[in-house]
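Novice: So that we are looking at the same thing, I have put the structure below in structure tokens.
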Amino acid sequence: MKMAQVYLDGTRLEFEDRENRSTIRELIDTIEKDLAGLRRFVMELWIDGEMMPEWRGSQVLSRPLSIYSDFKLKTASMEEVALEGLDLVQEYMKVTKENIDACVKDLRVGNGRADALMSSVFDGFIEIVKTVDALARGGEKYRMDLFRENPAQYFNPVIRGLEELREARDGRDSVASADILEYELKPLIDDMEENLFHFYA
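In case it helps, my numbering puts the sequence shown at residues -17 to 183.
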């Protein structure tokens, strides 16, 4: 049986596929252990010429290497990964604030679009918290000073505000929903933007 070809940043690697039972996850884990000392991280995974989007945590990692012929992995430094993450979370904040403004406006006038916008606000806050938390953990692990202050202090107020918003939404209280969005949740994003980042993109 032909062995899969593995390339890391264009360089071919020797990877022993034990009895053709190794999984893609085992390949990635082995490579990332070797990269840890270099402060590099696998960012892209290509399988048989096709880029795998959202591959971390996906089913693709449990598949055997032996059913494919070609793996290309592209890396980035921890600093590059962190900067990309910071840009991403700032973009989430910007878009979530825009959705809050539009949602508040629609709630105040009784527009039917508010429900869809509110769902976007929930999704936005979830992504903000997840991304900030991942960055904070990564920064601590690799000794990178990513935030001016500990971002964890914002997590409970965000979760509390979202719970209040959910209750108001479920109770069809558009006035309370608009107030929570405008006077509790949006100021939390403003505070995070002002206090967390060393620079704002």
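Quick reminder that beta carbons are idealized off the backbone N, C-alpha and C, glycines included.
Based on DSSP bridge pairs, tell me the residues matched to residue 33.
Specialist: Per DSSP, 28.
Novice: Based on the DSSP output, what are the partners of residue 169 in its beta bridges?
Specialist: DSSP output for residue 169 lists no bridge partner at all.
Novice: Compute the Euclidean distance between the alpha carbons of residue 20 and residue 162, then round it to the nearest angstrom.
Specialist: Those two C-alpha atoms are separated by around 46 Å.
Novice: Which two residues bound the contiguous beta strand (DSSP E) that contains residue -6?
Specialist: Unbroken beta strand (DSSP E) run through residue -6: -7 to -5.
Novice: Under 8 Å: do the stretch 115 to 135 and the stretch 47 to 59 share three or more Cβ pairs, one atom per stretch?
Specialist: Cβ pair count under 8 Å is below three, so no.
Novice: By the three-class DSSP mapping on this structure, what secondary structure does residue 58 have?
Specialist: In the structure shown, residue 58 sits in a strand (DSSP, three-state: E or B).
Novice: How is residue 20 classed by DSSP in three states: helix, strand or coil?
Specialist: The answer is coil: DSSP assigns residue 20 none of H, G, I, E or B.
Novice: Going along the chain, which residues of its own chain have a beta-carbon closer than 7 Å to the beta-carbon of residue 44, five neighbours each way excluded?
Specialist: Here the set comprises 5, 7.
Novice: Relative to the C-alpha of residue 26, which candidate in 130, 168, -10, -2 has its C-alpha closest?
Specialist: Residue -10 is the option with its Cα nearest to residue 26.
Novice: Less than 8 Å between the CB atoms is what I'm expecting for residue 156 and residue 89, so what's the real figure, rounded?
Specialist: So it is a contact: roughly 5 Å between Cβ atoms.
Novice: In the DSSP output, which residue or residues are listed as bridge partners for residue 133?
Specialist: Answer is none; residue 133 lacks a bridge partner.
Novice: Hey, would you say residue 180 sits closer than 8 Å to residue 130, going by beta carbons?
Specialist: A contact, by the Cβ cut-off of 8 Å.
Novice: Identify every run of the beta strand (DSSP E) within the stretch 37 to 101, keeping only runs that are complete inside it and at least 3 residues long; order them along the chain.
Specialist: Fully enclosed beta strand (DSSP E) runs of 3 or longer: 52 to 59.
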